[in-house]
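Just so we're aligned: the sequence shown equals residues 0 to 448 in numbering that gives the first Met the number 0. Take a look at the structure below.
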Amino acid sequence: MSTARGEFSSRFGFLMAATGSAVGLGNIWGFPTNAASNGGAAFLFTYVILAFVMAYPAFMAELIIGRYSKSNAVTALRGLATSPGAARVGAGVGFAGMITVTLILSFYAIISGWMLAYMFAAMTDIARLESASTWLTQSGTTRDAVFAGIFYLLTIYIVVAGVKNGIEKWSSRLMPSLYLILIILIVYVLTLDGAMEGLRMYLVPDFSRVADPQLILSAMGQAFFSLSLGVGTMLIYGSYVSKKENLPAIGGMVTVLDMSVALLAGLLILPAMSVAQLNGIQIYDEQGALIAGPALITSVLPALFDQMGDGGILVALAFFALMSIAALTSSISMLEVPVAYFVEDRGVSRRKAVIVLGAVAASVSMVIIWNFGLMFDWVVRLTTEFSQPLLGFFFAIFAGWVWNRNALLTEIKQGYPEAESGLFWRIWPWYIKFVCPLIILAVYIQLII
Ligand code: PFF
């Protein structure tokens, strides 16, 4: 093991970095509308349960494997195997995770670029530069390419600086700001006329839907994407955690922090949507479904901010800063996955690996931008619905079946000496062995059918 390997310098640093990876566009635009269209609080209820019984155990598998092996996903999974066949599968899963996460980064950067463009548009609004604002908020390949490019430069700038001086430092600065902006925005929006109707949409449960397979599927996909699972991100962050830390506890904290941002985002987005509706802005599409995803962020909310007059410009600035921060602390964790592999296994310098891999992902983004209608949805679905759960399945198999149980316990005991008598050790090994793979498989089969 090389001594030059990065490590988070504190528990706070790890919590901010891992929560930064988990909290992203998925929490703010995915979760609230998903909840409102899937039975309101009934979805929240299912989501919270799934997050703890499905996503948290899978997340722990990655963290523990990561800290044990102190290496990237390819080397880590290969190292757990006890036969050459399993070693090949392990390396394959690591590689597939690396490709998946690069593809996730390539579509994520496009949306993140929009967030930056809208943030700049709020600034040009303040400066009364109307034509600049119009260009920034109108979709177009040049705008998309320029802002995705800027977003890559920011991501590269942070990752080049390394684990402690880049990822940890920036996550520790940006994540508290994210919480602060989110809370200020919620308080403000809740004072507006019409906000209460949105709260009702969000919080009044439609329990007839709790057992709806579609709801469970959406909640599970949301939880998986939200905790950045299956692609090696949490494994690599786990590999930078000190042996002094109690892993089940810090993993639980990240799960709770991630969930809290999703739940809080609902208190912002849905009231904002109902305020928009009261102001004559369309919030349902032709099929009667709540407008979600990109259209929500780039049409419904900006229309609302426009109607708020000059104050709306500041709200827009705060909101798109919030989105950009959420996106950036996630994208750095994505880029770190292939970077760690090339640095550790291929002996490439960090600087070169970051720049080349950033450029590769950026090139894929450009191809998607120029073939948006054809490729965008397809790449999103391929990576998040197909690849992430499948890879999560393999991680569970490696942690539950392939890895030696004693080695696993020894690892958990580091930083948590009394682990053997705790609740985690009584439930989790059994869980990761049987329950997680079976649930993922069941959900997966349903998805394919
Ligand atoms: N968790 C991020 C979100 O909710 O937006 C997305 C994500 C980050 C997915 C990192 C995958 C990943 F490796």
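Ideal placement from N, C-alpha and C gives every residue a C-beta, glycine not left out.
Assigned secondary structure, residue i (DSSP; H/G/I helix, E/B strand, else coil)
{"i": "E196", "result": "helix"}
{"i": "Y283", "result": "strand"}
{"i": "L289", "result": "strand"}
{"i": "S138", "result": "coil"}
{"i": "D257", "result": "helix"}
{"i": "S176", "result": "helix"}
{"i": "K69", "result": "coil"}
{"i": "V415", "result": "Reading the sequence as shown, one finds Tyr at residue 415 and not Val. The answer is coil: DSSP assigns Y415 none of H, G, I, E or B."}
{"i": "G310", "result": "helix"}
{"i": "P270", "result": "helix"}
{"i": "K243", "result": "coil"}
{"i": "G251", "result": "helix"}
{"i": "A160", "result": "coil"}
{"i": "F7", "result": "coil"}
{"i": "L300", "result": "helix"}
{"i": "S1", "result": "Confidence at S1 is low in this model, with a pLDDT of 45, below 50, so the placement of that residue should be treated as unreliable; the coordinate-derived value is given next. Three-state result, S1: coil."}
{"i": "D344", "result": "helix"}
{"i": "P204", "result": "coil"}
{"i": "R77", "result": "helix"}
{"i": "G23", "result": "coil"}
{"i": "S227", "result": "coil"}
{"i": "A90", "result": "helix"}
{"i": "T190", "result": "coil"}
C-alpha distance - residue i paired with residue j, whole-angstrom precision
{"i": "L128", "j": "I447", "result": "49 Å"}
{"i": "T383", "j": "F224", "result": "7 Å"}
{"i": "L289", "j": "M174", "result": "29 Å"}
{"i": "G449", "j": "E419", "result": "Lying outside 0 to 448, the shown extent of the chain, residue 449 is not represented and no answer is given."}
{"i": "Q281", "j": "D305", "result": "14 Å"}
{"i": "M97", "j": "V442", "result": "23 Å"}
{"i": "F375", "j": "M118", "result": "23 Å"}
{"i": "K432", "j": "S332", "result": "27 Å"}
{"i": "L202", "j": "S36", "result": "12 Å"}
{"i": "P247", "j": "G89", "result": "24 Å"}
{"i": "L407", "j": "R87", "result": "21 Å"}
{"i": "A352", "j": "Y151", "result": "14 Å"}
{"i": "A358", "j": "Y340", "result": "16 Å"}
{"i": "G148", "j": "Q221", "result": "27 Å"}
{"i": "L234", "j": "G39", "result": "32 Å"}
{"i": "T2", "j": "S70", "result": "Summary for T2: the model assigns pLDDT 44, below 50, so the residue's position carries little reliability; its value from the coordinates is reported in the next sentence. Taking the straight line from one Cα to the other gives about 12 Å."}
{"i": "W113", "j": "T99", "result": "22 Å"}
{"i": "F30", "j": "V260", "result": "10 Å"}
{"i": "M322", "j": "A131", "result": "21 Å"}
{"i": "I296", "j": "S105", "result": "19 Å"}
{"i": "A85", "j": "W402", "result": "10 Å"}
{"i": "V274", "j": "A264", "result": "15 Å"}
{"i": "M0", "j": "I180", "result": "With a pLDDT of only 41 at M0, under 50, the local geometry of the prediction cannot be trusted, and the value read off the model is given with reservation. Each residue's alpha carbon lies about 41 Å from the other."}
{"i": "A315", "j": "W134", "result": "16 Å"}
{"i": "L440", "j": "S238", "result": "27 Å"}
{"i": "F7", "j": "G19", "result": "14 Å"}
{"i": "V363", "j": "T123", "result": "30 Å"}
{"i": "W28", "j": "S82", "result": "43 Å"}
{"i": "W424", "j": "D205", "result": "36 Å"}
Local Cβ density within 10 Å of residue i, reported as buried at 16 or more and exposed below that
{"i": "E167", "result": "buried"}
{"i": "W369", "result": "exposed"}
{"i": "W400", "result": "exposed"}
{"i": "G165", "result": "buried"}
{"i": "D143", "result": "buried"}
{"i": "A126", "result": "exposed"}
{"i": "M195", "result": "exposed"}
{"i": "I426", "result": "exposed"}
{"i": "F146", "result": "buried"}
{"i": "I438", "result": "buried"}
{"i": "R345", "result": "exposed"}
{"i": "V188", "result": "buried"}
{"i": "I103", "result": "buried"}
{"i": "A210", "result": "exposed"}
{"i": "V186", "result": "exposed"}
{"i": "E343", "result": "buried"}
{"i": "V366", "result": "exposed"}
{"i": "R172", "result": "exposed"}
{"i": "I444", "result": "exposed"}
Inter-residue CB distance, residue i and residue j (contact presumed, cutoff 8 Å)
{"i": "T232", "j": "Y55", "result": "Actually they are not in contact, since the Cβ atoms of T232 and Y55 sit about 15 Å apart, beyond 8 Å."}
{"i": "Y107", "j": "S329", "result": "7 Å"}
{"i": "L177", "j": "A325", "result": "6 Å"}
{"i": "M258", "j": "A50", "result": "6 Å"}
{"i": "P293", "j": "I110", "result": "7 Å"}
{"i": "R66", "j": "E417", "result": "Wrong, their Cβ atoms sit about 18 Å apart, outside the cutoff."}
{"i": "P505", "j": "I396", "result": "As displayed, the chain neither begins before 0 nor continues past 448, which places residue 505 out of reach and without an answer."}
{"i": "L269", "j": "M200", "result": "5 Å"}
{"i": "I312", "j": "A121", "result": "5 Å"}
{"i": "A57", "j": "G372", "result": "Not a contact, Cβ separation roughly 33 Å."}
{"i": "P92", "j": "F393", "result": "A small correction: the amino acid at residue 92 is Val; Pro does not occupy that position in the sequence shown. Between F393 and V92 the Cβ distance is about 4 Å, and since that is below 8 Å, they are a contact."}
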